[in-house]
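Protein chains in written order, with our numbering: chain A, 3 to 329; chain B, 3 to 329.
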């Protein structure tokens, strides 16, 4: 099985590649080669699988054709620019997040002109496809009313993925990832950054700022779950999806207060004491418009599994990023 | 007020242009000029308004820029290829129905580089954005799960219209038209053709084929209502729309049996006797997946008004197409 990963240099992409090389198989089939692409050259995978590293911008003419020229059986398309950047740079957002995906779909469709070609395409969508009005728990049939250009671009790609799949041009599965926590690495300026920061920094003995009230409730999955979702989507029996190829992934609904309680249980009061409350009305207003929880019944019935407690999410961070122990 | 109508040669486009020239105003503002565009040159409007006729394909480079070069205050974008053709010719459907609309939106956005420009754009979407599973009555927050490429293209354009409006590039209103009945002209091969045919042909003393059961229920508005919807959308206070710029139009839910009863009341048993039942399982299956009725509460609250009986729809056809009387 030949695999192409687009967006292989990102946080989730790198963890996915590590999981692929470690397992050597996907859904019981042996992996014969890996092509790893991103706008910057992805790091070489560990292990012994034959691999190709590609630095390329999917939104440029000819790139998609080149990436699929060896007809990969399985394609993970994770490449996107994030919400804040897509809002700040309108043209870049549409070019990367919409045109890039459409060029990939078109390259796949045109590739079957001479010989049938219908690869599995696993696409990462986002809960940003949902906007006001939002119920407390978002069901699987909730309408898409995105309130950002990023969410609009993801919603459009979902529609394209379903239509190209319905027409038999690709075998697509779109997965809407929860907010990933605990994100490894340095603090960033994303409005959602504090959800990870108030866990990650205290575990590293550093102070973390909390800009919102402890009653704020949001929807989470660990990086480990994100990778598991991608691998499960890669091996899914898509005949069970019908015409609707996109799924809200299961996750954990938790308030900031519940996050902090979990931190206390896992790392003690010294860690909790490192959280400093500095209310930021701008961040509070942005976050107030975000989804709080999903039903995710379809995905759960299809075998996708997320976390059931924030303690578990914190322990996964300690195991996967901190060598299994906190100082 | 300068007005541009794209798709001016179509059935609804011609009726819209006739209404504009007759009124000479839109929302109380005098019309100063009309630009009428379509892939074939539209017929000249009646009346004395200054006008320009353009034969052009919106999906070709530079056409959108040219069409808006005199900065129309109000743009009606009705141009599209229909459902059957978009399904038969995948590339043409995406080129005309998606790329054409996106090129128009981009031309408008880029036109404001030097001087602010944010015209009202009235876009005709379709109830084809809705697909399985469908409730008996579709509410204003029902999800979009189109089952055709045409419906996918319209759903994508709705998302673009909302995002470009939210960003302040255009002042968009998208209206999802019910199935238009009674369509004037000759029978066509559209799966929906019989809904009009079983009224139009008998009124003209000709036989009409009915391929489905009389219990089939669908959602209708007259051509006169379609024009009234467009004009109402052109003058709407869009601050009342919020972030959701697209509306399901009000209509009349009626079964085929109710259509036939109305025909009997308006034109007598001789007309009804001209309907010949020739069941067509293919058409029956297509139609079974179509919407039956809408709530359309938002549109009604915003002042959009449709018909309340099929008798009314038939009388409008007699008044507008048959000179007010049947033979």
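C-beta: ideal position from N, C-alpha, C; glycine also.
Because the structure is a prediction, the values reported are computed rather than measured.
With a beta-carbon spacing of about 27 Å, residue 124 of chain A and residue 316 of chain A fall beyond the 8 Å limit used to define contacts. In this structure residue 131 of chain B is buried. Its beta-carbon is surrounded by 16 or more other beta-carbon atoms within 10 angstroms. In terms of beta-carbon proximity, residue 245 of chain A lines the interface with chain B, with at least one pair separated by less than 8 Å. Interface flag for residue 234 of chain A against chain B is unset, since no Cβ pair is found closer than 8 Å. Annotation: the continuous beta strand (DSSP E) that includes residue 219 of chain B extends over 219-223. Against residue 144 of chain A, the close residues of chain B are 145, in the order they occur along the chain (beta-carbon pairs closer than 7 Å).
Inclusion of residue 221 of chain B and residue 181 of chain B in the CB contact set at 8 Å is warranted, their separation being smaller than that value. What residue 134 of chain A touches in chain B, judged by beta-carbon distance under 9 Å, is 244, 245 and 246, going in chain order. 8 Å or more divides the Cβ of residue 309 of chain A from the Cβ of residue 243 of chain A. Cβ neighbours of residue 104 of chain A within its own chain (closer than 7 Å, five residues either side excluded): 162. Residue 156 of chain B sits buried, since 16 or more C-beta atoms from the chains shown fall within 10 Å of its C-beta. A check of alpha carbon separations from residue 24 of chain A across A:42, A:40, A:49 and A:114 identifies A:49 as the nearest. The Cβ neighbour count for residue 207 of chain A, taken over all protein chains shown within 10 Å, is under 16; the residue is labelled exposed. Sequence-ordered contacts of the region 80-92 of chain B with chain A read 92 [C-beta pairs closer than 8 Å].
If you ignore the 5 residues before and after residue 289 of chain B, its C-beta comes within less than 8 Å of the C-beta of 193, 194, 214, 218 and 220, all in its own chain and listed in chain order.
Check the Cα spacing between residue 187 of chain A and each of A:201, A:280 and A:176: the tightest is with A:201. Taking 8 Å as the threshold, the shortest C-beta distance from residue 98 of chain A to chain B does not fall below it. Here residue 259 of chain A carries a helix assignment [DSSP, helix/strand/coil]. Within the region 158-184 of chain A, the residues whose Cβ lies closer than 8 Å to some Cβ of chain B are 158, 161, 162, 164, 165, 168 and 169, listed in chain order. Using a CB distance cut-off of 8 Å, residue 154 of chain B counts as an interface residue toward chain A. Separation of the CB atoms of residue 37 of chain B and residue 69 of chain B is rounded to 7 Å, and the pair is thereby assigned contact status at 8 Å. For the C-beta of residue 151 of chain B, the chain A residues within less than 9 Å are, from N- to C-terminus, 165, 168 and 169.
In this structure the region 222-237 of chain B touches the region 6-21 of chain B; the number of beta carbon pairs closer than 8 Å is three or more. Linking residue 303 of chain A to residue 60 of chain B through their CA atoms gives a straight-line distance of about 45 Å. In this structure, residue 177 of chain A lies near residue 251 of chain A, with their beta-carbon atoms less than 8 Å apart. By the Cβ-count criterion, residue 173 of chain A is buried, with 16 or more other Cβ atoms from all chains shown falling within 10 Å of its own Cβ. CA-CA distance, residue 87 of chain A to residue 78 of chain A, rounds to 22 Å. Counting every other CB atom within 10 Å of its CB across the protein chains shown gives residue 8 of chain A a total of 16 or more, marking it as buried. Using a Cβ-Cβ distance cut-off of 8 Å, the region 222-229 of chain A and the region 318-328 of chain A are in contact, since at least three pairs of beta carbons, one from each stretch, lie closer than that value. Put simply, the backbone Cα of residue 11 of chain B is about 47 Å away from that of residue 139 of chain A. Per the DSSP secondary-structure output, residue 127 of chain B pairs in a beta bridge with B:178.
Residue ranges of uninterrupted beta strand (DSSP E) with 3 or more members, entirely inside the region 81-140 of chain A and ordered along the chain, are 122-128. Only residues of its own chain outside the window of five on either side were considered, and among them 273 and 274 have a CB closer than 8 Å to the CB of residue 266 of chain A, listed in chain order. Nearest to residue 74 of chain A by alpha-carbon distance, out of A:164, A:198, A:6 and A:160, is A:6. DSSP places residue 77 of chain B inside the beta strand (DSSP E), whose first and last residues are 76-79.
Secondary structure of residue 184 of chain B (DSSP, three-state): coil.
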